[in-house]
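Visitor: Each residue of the sequence shown is one higher than the one before, counting from 4 in the numbering used here.
Structure below; questions to follow.
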Amino acid sequence: MVMFNRFKNLLTAAILMATSGCRTTSLADNNKIQQDMTLPTFQLSTQHELSSLSNASGWLNTKPLKSADLKGKVVLINFCTYSCINWIRTLPYVRSWAAKYQDRGLVVIGVHTPEFGFEQNIENVRSAIKDRKVDYPIALDNDYTIWNAFNNAYWPALYFIDAKGQLRHQQFGEGGYEQSEKIIQQLLAEAGVKDMDQPLASVYGEGAEAAADWNSLQSGENYLGYERTQQFSSPGNARPGRNYSYKAPEKLMLNEWALSGDWKMKKQSIELNTANGRILYRFHARDLHLVMGAGTHTTLVKFRVLIDGKPPAAAHGSDIDEQGYGVLSEHRLYQLIRQPDSIIDRQFEIEFFGSGVEAFAFTFG
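What follows is the structure, given as C-alpha cells:
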C-alpha cells in the first residue's frame with residue numbers, strides 16, 4: 004500500500020529489528036523513534052485499514068465492529084499475539100488507557116494475529132485474555148487480513164487514529180508509554196473532549212507483565228523449531244523433522260541451548276516423544292520464560308526446573324514452586340525464573356515427567 008510504504012520508509016533507518024519471537028524493536032530503538040517523530044507529520048487516511056476490521060475471523064468482548072462504528076472516535080489499534088512477552092509487558096499500559104479514557108471517546112481494539120498455530124484456537128485466546136484481564140474489544144485475525152491491511156510487521160504495535168480517521172502516530176515494541184498517553188490525550192482534546200490536561204496513568208506490572216530488567220539483559224528471544232532456532236548445541240546437531248535421541252553437551256556457552264532425550268524438532272517447535280526429556284539453556288537475564296504446552300494426547304505434564312543444577316528457591320518464577328516443580332497444561336508463556344539477586348550467567352534446565360510436550364520459544368526479561 005502506497006501510504007504505508009511512505010510511512011515505513013521514513014522509519015526504516017530508525018528501526019533495528021531484534022531477533023525476537025515477537026518481531027519487536029529494542030527499548031533503545033523505540034526511544035530513538037519517539038524522539039524523531041512529531042505528531043502532525045503523519046496525517047494519512049486509514050479508511051482501508053479500518054474497513055479491514057469487517058474481515059475479522061471473530062470478535063471477543065464485543066459485537067463485531069466496523070469502520071462506521073468508529074466514526075468520530077479516537078481509535079487505538081493494538082496488534083498482539085497472546086504468548087508474546089513483549090505484548091504482555093505492554094499490556095498494563097494499554098489496559099489502563101482503555102479503562103481511563105473509554106468514557107472520553109477512546110476506543111481500544113486489540114487485533115490478535117497469531118504467531119503460533121495454537122494461538123489460532125479461539126478458546127485459547129479467550130482463556131488468555133480472561134487471565135490477563137483484558138476487557139476491551141479483540142478482533143481475531145487468524146488469516147492476517149487486518150495485519151496485511153495495516154502493512155504491519157510487529158508484535159506489539161500501536162496505531163493511533165484521530166477522530167477524522169487519520170493515522171497520527173504509531174509505536175512498535177515496548178517503551179514510549181508516556182508519549183503514547185500524551186498523544187491519546189491530544190487526539191481526544193482535538194476531538195473536543197474537555198479537561199484532557201491531566202496526570203498520566205500510574206502503571207505497575209506484576210509477574211510476567213513487569214518491565215524487563217534491561218540493564219542486565221544479555222539473552223535474546225530464541226525459537227526452538229528448526230526454521231529459526233539459533234545456537235543449538237547438542238552433539239550431532241539438529242535432526243529436523245525426525246525423532247532422535249539427543250544428548251546434552253558437557254558445557255554450554257552463553258545463549259547456547261541443548262536437548263536431552265527423545266525429541267522431534269519440527270518447524271515451529273520441539274516435541275517430546277518419551278518421558279524425562281530435558282531442555283538446557285545458558286542465559287543471562289533476571290527472567291526466563293518458555294512458551295510451551297501439553298500436546299493433543301496429554302492434558303497435564305509435571306515438570307521440574309533447576310538452575311545451576313539446584314532448585315531455584317527464591318529465583319522461582321510464578322509458574323513453579325521453590326523446589327522447581329510445576330504442571331504443564333494449556334499452551335501459553337510460562338514464567339519459570341525470576342532472579343531476586345545480582346544477575347550472572349546461569350544454566351537453566353527443565354525436565355518433563357511425561358511425553359507429548361511442545362515447546363516453542365524462550366524469552367527473557
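Glycine included, each C-beta is placed from N, C-alpha and C at the ideal position.
When the Cα atoms are used, what is the spatial distance from M268 to H334?
Guide: Straight-line Cα distance between these residues: approximately 17 Å.
Visitor: The beta strand (DSSP E) that contains T366, what's its start and end?
Guide: Per DSSP, T366 belongs to the beta strand (DSSP E) from V360 to F367.
Visitor: Quick one: residues in its chain with C-beta nearer than 6 Å to the C-beta of R107, no 5 flanking neighbours on either side, listed in chain order?
Guide: L191 and V196, listed in sequence order.
Visitor: From what residue to what residue does the alpha helix (DSSP H) around N127 run?
Guide: N127 -> alpha helix (DSSP H) spans I125 to D134.
Visitor: Measure the alpha-carbon distance for F367 versus W158 and round it to whole angstroms.
Guide: Approximately 16 Å between the Cα atoms of the pair.
Visitor: Confirm, please, whether the CB-CB distance from I149 to V111 is below 8 Å.
Guide: Contact flag unset, no.
Visitor: Run the CB neighbour count on P202, radius 10 Å, all protein chains shown included, and call it buried at 16 or more, exposed below.
Guide: Counting Cβ neighbours within 10 Å, P202 comes out exposed, since fewer than 16 surround it.
Visitor: Could you pull out every unbroken beta strand (DSSP E) segment of at least 3 residues lying fully inside the stretch 50–92, listed in chain order?
Guide: Runs found: 61–63 and 77–83.
Visitor: Closer than 8 Å is the cut-off here; do at least three beta carbon pairs connect the stretch 270–278 with the stretch 317–335?
Guide: With the cut-off at 8 Å, the stretch 270–278 and the stretch 317–335 do not touch.
Visitor: Since K185 is in the alpha helix (DSSP H), which residue starts that stretch and which ends it?
Guide: K185 -> alpha helix (DSSP H) spans Y180 to E193.
Visitor: So, with DSSP's three-state summary, where would you put P202?
Guide: P202: coil per DSSP, three-state reduction.
Visitor: In the structure shown, what three-state DSSP assignment does Y229 receive?
Guide: If DSSP states are grouped into helix, strand and coil, Y229 belongs with coil.
Visitor: Pick out whichever of L109, A156, T232 and G168 has its Cα sitting closest to the Cα of H51.
Guide: Checked all of L109, A156, T232 and G168; the closest Cα to H51 is G168.
Visitor: Under three-state DSSP, which class holds G120?
Guide: It is helical.
Visitor: Give me, in chain order, the residues of the same chain whose beta-carbon lies closer than 7 Å to that of E212; leave out the 5 immediate sequence neighbours on both sides.
Guide: Hits under 7 Å: I91, R92, L94 and P95.
Visitor: Look up L257 in the DSSP assignment and say whether it is helix, strand or coil.
Guide: Reduced to three states, the DSSP call for L257 is coil.
Visitor: Work out the CA separation of S248 and Q174 for me, nearest whole Å.
Guide: Whole-angstrom Cα-Cα distance: 44 Å.
Visitor: Who are the Cβ neighbours of E181 in its own chain at under 8 Å, not counting the five residues just before and after it?
Guide: Cβ within range, chain order: L203.
Visitor: Might you give, ordered along the chain, the residues of its own chain that have their beta carbon closer than 7 Å to the beta carbon of P117, omitting 5 neighbours on each side?
Guide: Only T84, Q123 and N145 meet the Cβ criterion.
Visitor: Go through its chain and collect everything with a Cβ distance to C87's Cβ below 6 Å, but skip five positions before and after it.
Guide: Counting only Cβ-Cβ distances below 6 Å, and skipping sequence neighbours, we find C25 and W158.
Visitor: Say whether the stretch 60–70 touches the stretch 129–137, bearing in mind that this needs 3 or more beta-carbon pairs closer than 8 Å, one atom from each stretch.
Guide: Segments in contact, yes.
Visitor: Using DSSP with H/G/I as helix, E/B as strand and the rest coil, what is E354?
Guide: Here E354 sits in strand by DSSP.
Visitor: Where do the N-terminal and C-terminal ends of the alpha helix (DSSP H) with A152 fall, by residue?
Guide: First-last of the alpha helix (DSSP H) with A152: T148 to A152.
Visitor: Could you name each continuous beta strand (DSSP E) segment of 3 residues or more that falls completely within the stretch 286–310, going from the start of the chain to the end?
Guide: As far as the stretch 286–310 is concerned, its whole beta strand (DSSP E) runs of at least 3 residues are 290–297 and 304–310.
Visitor: Taking only the alpha-carbon atoms, compute the straight-line gap between L262 and A59 and give it to the nearest angstrom.
Guide: Approximately 39 Å between the Cα atoms of the pair.
Visitor: Terminal residues of the continuous beta strand (DSSP E) containing A213?
Guide: Segment: none, A213 is in no beta strand (DSSP E) and carries neither H nor E.
Visitor: Between which two residues does the beta strand (DSSP E) holding G3 run?
Guide: Lying outside 4 to 368, the shown extent of the chain, residue 3 is not represented and no answer is given.
Visitor: Under the three-state reduction of DSSP, which class applies to L2: helix, strand or coil?
Guide: In the structure displayed, the chain extends from 4 to 368; residue 2 sits before or after that span and is not available.
Visitor: At what residues does the beta strand (DSSP E) containing G329 begin and finish?
Guide: Element bounds for G329: Y328 to L331.
Visitor: Taking the beta carbon of Q38 as the centre, do at least 16 other beta carbons fall within 10 Å, making it buried, or is it exposed?
Guide: Confidence is the limiting factor: at Q38 the pLDDT is only 34, short of 50, which leaves the residue's position unreliable and the question unanswerable from this model.
Visitor: Between which two residues does the beta strand (DSSP E) harbouring A142 extend?
Guide: Taken as a continuous stretch (DSSP letters only), the beta strand (DSSP E) holding A142 covers I141 to L143.
Visitor: Who pairs with L161 in a beta bridge, going by DSSP?
Guide: Bridge partners of L161: N81 and Q174.
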